[in-house]
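Undergrad: Pasting in a structure now, in C-alpha cells, and then I'll have a few things to ask.
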Amino acid sequence: MNNQLHEILKSKNLIIHDYIIKVAIDKKLSLTEFLILCFFDNNYSNSFDIELVSQVLNIDINTTMEAFNSLMIKGLVTLESVKDIENRLNEVVKLDGLYDEIINNISSNIQEEQKVDIFKTFESELGRTISSMELELINGWLSSGTPEEIILGALREAVYNGVTSFRYIDKIIYEWEKKGFKTMDDVKKHMKTRREEKNKDKDISKKEQEISDYDWIDEK
Numbered sequence: 005m006n007n008q009l010h011e012i013l014k015s016k017n018l019i020i021h022d023y024i025i026k027v028a029i030d031k032k033l034s035l036t037e038f039l040i041l042c043f044f045d046n047n048y049s050n051s052f053d054i055e056l057v058s059q060v061l062n063i064d065i066n067t068t069m070e071a072f073n074s075l076m077i078k079g080l081v082t083l084e085s086v087k088d089i090e091n092r093l094n095e096v097v098k099l100d101g102l103y104d105e106i107i108n109n110i111s112s113n114i115q116e117e118q119k120v121d122i123f124k125t126f127e128s129e130l131g132r133t134i135s136s137m138e139l140e141l142i143n144g145w146l147s148s149g150t151p152e153e154i155i156l157g158a159l160r161e162a163v164y165n166g167v168t169s170f171r172y173i174d175k176i177i178y179e180w181e182k183k184g185f186k187t188m189d190d191v192k193k194h195m196k197t198r199r200e201e202k203n204k205d206k207d208i209s210k211k212e213q214e215i216s217d218y219d220w221i222d223e224k
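Shown next, in the form of C-alpha cells:
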C-alpha cells in the first residue's frame, strides 16, 4: 500500500491537502479511505463509479468498496440519487460530512489562536505573567459563552480604575452580563446614558439651588 501511495504522489494524479490529512488523523482513517477522500476532493468525478476509483487509485474493487462503505458509516461521505439533464437517475458522492469536519477543525484552530491572543493581552495590560489559576478563570469565562470583547473590555476597565485583581474583573463581567451587555457598544451606550442622566440631575440641582438662594425681598 505504501508503494501505491508513493506511485500516486509521484504521478501527481492526486493533490493531497493538509486539511484532509488532519481529518484522516482525527478519524483514524485507513490509507485507502484517505485516498478515496482525496480522489473525490480532487473532483475526478462525483458520480459513484467504484471501478473508476479502483482504477485511478490502483486498489482492488473489493477493498475500495469496503473503504467507501466505512467512510459512509463515519459520516464523511454520502450517496445521493439525482437526475441528469436527460432525466436519468444517477448516484453521486457528497462530501458534506468531510467539509463539516474541516470547518470544525478550522474553527477550533481559530478559537485556540484567539485564546493565545487573549492571554497575551491580559499579560500586556497587567504587566505581568498570569498564573495557572488565572488562566483557568479566563478559560471559564470563554467556556461559559462570555464574549471575548466583554472580557477584554472588563480587563481594560479594571486597569483604568487602577484595580487589577481578577476578582474585580470577574465582578465587572458579572455586572455587565446581568445588565444584558453582549458587546462593548452596549456598555458604552449604557455609560453615555448614565452620564447624561447625571448631568441632568446636576443641572436640576443647580437650578433649584439658584431658586432657593434668590433674594426675592430685594428683587428690583
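In this note's numbering, the protein residues as written are 5 to 224.
Don't be surprised by glycine CBs; every beta carbon is placed ideally from N, CA and C.
Computed from a predicted structure; not experimentally measured.
Verify the CB distance criterion: does K192 have a CB-CB separation below 8 Å to chain B?
TA: Although the question refers to chain B, the structure presented lacks it and comprises just one protein chain.
Undergrad: Please say whether E153 and L146 have beta carbons closer to each other than 8 Å?
TA: For the purposes of this step, residue 146 is identified with residue 142 of the sequence shown, where counting begins at 1. For the purposes of this step, residue 153 is identified with residue 149 of the sequence shown, where counting begins at 1. Not in contact: L146 and E153 (Cβ atoms no closer than 8 Å).
Undergrad: Is the distance from the Cβ of I142 to the Cβ of I122 below 8 Å?
TA: Residue mapping note: residue 142 aligns to position 138 of the sequence shown, counting from 1. Residue mapping note: residue 122 aligns to position 118 of the sequence shown, counting from 1. Against a cut-off of 8 Å, the Cβ pair of I122 and I142 comes out as a contact.
Undergrad: Around the Cβ of I54, are there at least 16 other Cβ atoms within 10 angstroms (buried) or fewer (exposed)?
TA: On the sequence shown, residue 54 is found 50 positions in, with the first residue counted as 1. That one is exposed.
Undergrad: For S34, which residues in the same chain have their Cβ closer than 8 Å to its Cβ, ignoring the five residues on either side in sequence?
TA: Walking along the sequence shown from the start, residue 34 turns up at place 30. Result list for S34: A71 and S74, in chain order.
Undergrad: For E105, does the count of other Cβ atoms within 10 angstroms reach 16, so buried, or fall short, so exposed?
TA: To locate residue 105, count along the sequence shown from 1; it is residue 101. E105 comes out buried.
Undergrad: Could you tell me whether the Cβ atoms of L41 and L102 are closer together than 8 Å?
TA: Taking the first residue of the sequence shown as 1, we reach residue 41 at position 37. Taking the first residue of the sequence shown as 1, we reach residue 102 at position 98. Yes, the Cβ-Cβ distance between L41 and L102 is below 8 Å.
Undergrad: Based on the DSSP output, what are the partners of S85 in its beta bridges?
TA: If you number the sequence shown from 1, residue 85 lands on position 81. S85 is bridged to E95.
Undergrad: Check whether the Cβ atoms of F126 and L83 lie closer than 8 Å to each other.
TA: In the sequence shown, counting from the first residue as 1, residue 126 sits at position 122. In the sequence shown, counting from the first residue as 1, residue 83 sits at position 79. No, the Cβ-Cβ distance between F126 and L83 is not below 8 Å.
Undergrad: Since I believe V97 is in contact with N50 (beta carbons under 8 Å), could you give me their beta-carbon distance rounded to a whole number of angstroms?
TA: As a position in the sequence shown, residue 50 is number 46, starting the count at 1. As a position in the sequence shown, residue 97 is number 93, starting the count at 1. Indeed they touch by this definition, with Cβ atoms about 5 Å apart.
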